[in-house]
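S.K.:
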Amino acid sequence: MKFDREHLRCYVAPAAWRGTMLTPDETEAHHLVNVLRAREGEHTEVFDGAGRTGMAQIDHISKRDVELRLLEQQTHPRPVPELILVQALPREATMDFVVQKAVELGATAILPVLSARCVVRLKPDQFAGKSARWQRIVLNAGRQSHATWLPRIANVQTLENFFQTLEKFDFWCVGSLVANAQPLHTVLSAVRARAPQRVAVLIGPEGDLTPEEYRAAEAAGAVPVAFGTNVLRVDTAALFALSVLHYELVNSG
0 MKFDREHLRC YVAPAAWRGT MLTPDETEAH HLVNVLRARE GEHTEVFDGA
50 GRTGMAQIDH ISKRDVELRL LEQQTHPRPV PELILVQALP REATMDFVVQ
100 KAVELGATAI LPVLSARCVV RLKPDQFAGK SARWQRIVLN AGRQSHATWL
150 PRIANVQTLE NFFQTLEKFD FWCVGSLVAN AQPLHTVLSA VRARAPQRVA
200 VLIGPEGDLT PEEYRAAEAA GAVPVAFGTN VLRVDTAALF ALSVLHYELV
250 NSG
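In this text, residue positions in the sequence shown follow numbering that gives the first Met the number 0: the first is 0, and each later residue adds one.
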């Protein structure tokens with residue numbers, strides 16, 4: 000698939016793929032025309048964040064919208080295993096960075112949780128604005144990194160609620176400083192042979208998880224894992240964990 004300019008890439012929501020004519024939303028149209036300086040007649044890659052990509056020609060540009068004509072399309076299977084990041088909320092700028100890098104590193108879902116030592120003190124129902132911000136970061140990171148699948152961002156919930164309504168994981172772990180934590184790469188050597196379909200990692204906040212939260216995680220089936228001898232910052236820990244999980248489990252075949 001050849002494009003006029005490699006950096007021309009436009010998101011079109013799955014529901015907007017009707018026939019061969021595509022109309023990106025106003026935000027994407029603005030980005031395509033005013034940021035990327037696209038012009039009528041140029042070709043752009045299009046993607047829906049759910050495994051569908053294609054090449055389209057820019058047929059018409061107006062003040063408010065852009066009309067694209069789909070020339071060809073491809074479908075891409077969902078990555079296996081799914082990589083889920085369960086992130087206890089750090090400070091806003093740190094969370095923004097983690098979300099961006101999680102997209103680049105192939106996370107398929109990001110589950111923000113509130114733990115006892117989170118600096119953020121808002122209630123879960125007050126996070127609508129933050130969720131919208133994270134969604135924009137996901138879209139921008141996906142566009143830049145040429146991701147074919149974008150991760151879903153779950154609603155903010157308490158860590159306690161996450162444990163009580165635990166999703167089904169074939170394997171999940173918690174980044175831990177406790178004495179019984181095993182090196183992540185050692186644990187994954189055995190996990191890889193089981194060909195897991197859904198894998199999750201829980202990363203604590205700046206103040207770490209409490210001993211009670213560590214015990215609750217283990218009671219819910221989490222394996223405590225160590226990321227080395229140094230104590231890592233929240234964002235470093237999240238990126239390290241996703242990088243190792245992706246390398247060992249997604250790229251292992």
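Yeah, the Cβ is synthetic: ideal placement off N, Cα and C, and Gly gets one too.
None of these values were measured; they are calculated from a predicted model.
Is Gln227 buried or exposed, if buried means 16 or more other CB atoms sit within 10 Å of its CB?
M.R.: Strictly speaking, residue 227 in this sequence is Gly, with Gln absent from that position. Exposed, because fewer than 16 other Cβ atoms sit within 10 Å of the Cβ of Gly227.
S.K.: Could you tell me how far apart the beta carbons of Ala240 and Leu183 are, in whole angstroms, since I believe they sit closer than 8 Å?
M.R.: So it is a contact: roughly 7 Å between Cβ atoms.
S.K.: Using a 10 Å radius around the Cβ and a threshold of 16 neighbouring Cβ atoms, would you call Tyr246 buried or exposed?
M.R.: Flag for Tyr246 reads exposed.
S.K.: Reducing DSSP to helix, strand and coil, say where Ala108 ends up.
M.R.: Strand at Ala108.
S.K.: Please state if the CB of Ala180 and the CB of Ala237 are separated by a distance shorter than 7 Å.
M.R.: No, these two residues do not count as a Cβ contact at 7 Å.
S.K.: Could you check what DSSP says for Val177 in three-state terms: helix, strand or coil?
M.R.: In this structure, Val177 counts as coil in the three-state DSSP scheme.
S.K.: Secondary structure at Phe161, three-state DSSP: helix, strand or coil?
M.R.: Three-state DSSP puts Phe161 in a helix.
S.K.: If you drop the 5 nearest sequence neighbours on each side, which residues of the same chain put their C-beta closer than 8 Å to that of Tyr10?
M.R.: Closer than 8 Å at the Cβ level, and outside the excluded window around Tyr10, lie Pro23, Glu27, Val45, Phe46, Asp47, Gly48, Leu138, Gly141 and Arg142.
S.K.: Assuming contact is defined by CB atoms lying nearer than 7 Å, are Ser114 and Pro195 in contact in what I supplied?
M.R.: Not closer than 7 Å, so no.
S.K.: Nearest by alpha-carbon distance to Pro76: which of Glu91, Arg8 and Ala146 is it?
M.R.: When only C-alpha atoms are compared, the closest one is Ala146.
S.K.: Can you tell me whether Glu166 is buried or exposed? The criterion is at least 16 other CB atoms within 10 Å of its CB, across all chains shown.
M.R.: So Glu166 counts as exposed.
S.K.: Helix, strand or coil: how does DSSP classify Pro223 here?
M.R.: If DSSP states are grouped into helix, strand and coil, Pro223 belongs with the strands.
S.K.: Just mark Lys1 as buried or exposed, buried being the case when its beta carbon has 16 or more other beta carbons within 10 Å.
M.R.: Below a pLDDT of 50, predicted positions are generally treated as unreliable, and Lys1, at 45, falls in that range; no measurement from the model is reported.
S.K.: Among Glu217, Val97 and Phe162, which residue has its Cα nearest to the Cα of Gly105?
M.R.: Ranking Glu217, Val97 and Phe162 by Cα distance to Gly105 puts Val97 first.
S.K.: Identify which residue in Leu31, Leu88 and Gln73 has its Cα closest to the Cα of Cys117.
M.R.: Considering only alpha carbons, the answer is Leu88.
S.K.: Are Leu84 and Thr43 touching if we call contact CB-CB under 7 Å?
M.R.: Against a cut-off of 7 Å, the Cβ pair of Thr43 and Leu84 comes out as no contact.
S.K.: Please list the terminal residues of the continuous alpha helix (DSSP H) segment that includes His184.
M.R.: Where His184 is concerned, the enclosing alpha helix (DSSP H) stretches over Leu183 to Arg191.
S.K.: Rounded to a whole number of angstroms, what is the C-alpha to C-alpha distance between Leu231 and Leu201?
M.R.: For Leu231 and Leu201, the distance between alpha carbons rounds to 14 Å.
S.K.: Distance check for His59 and Ala189, CA to CA, integer angstroms please.
M.R.: Going by the C-alpha atoms only, they are around 54 Å apart.
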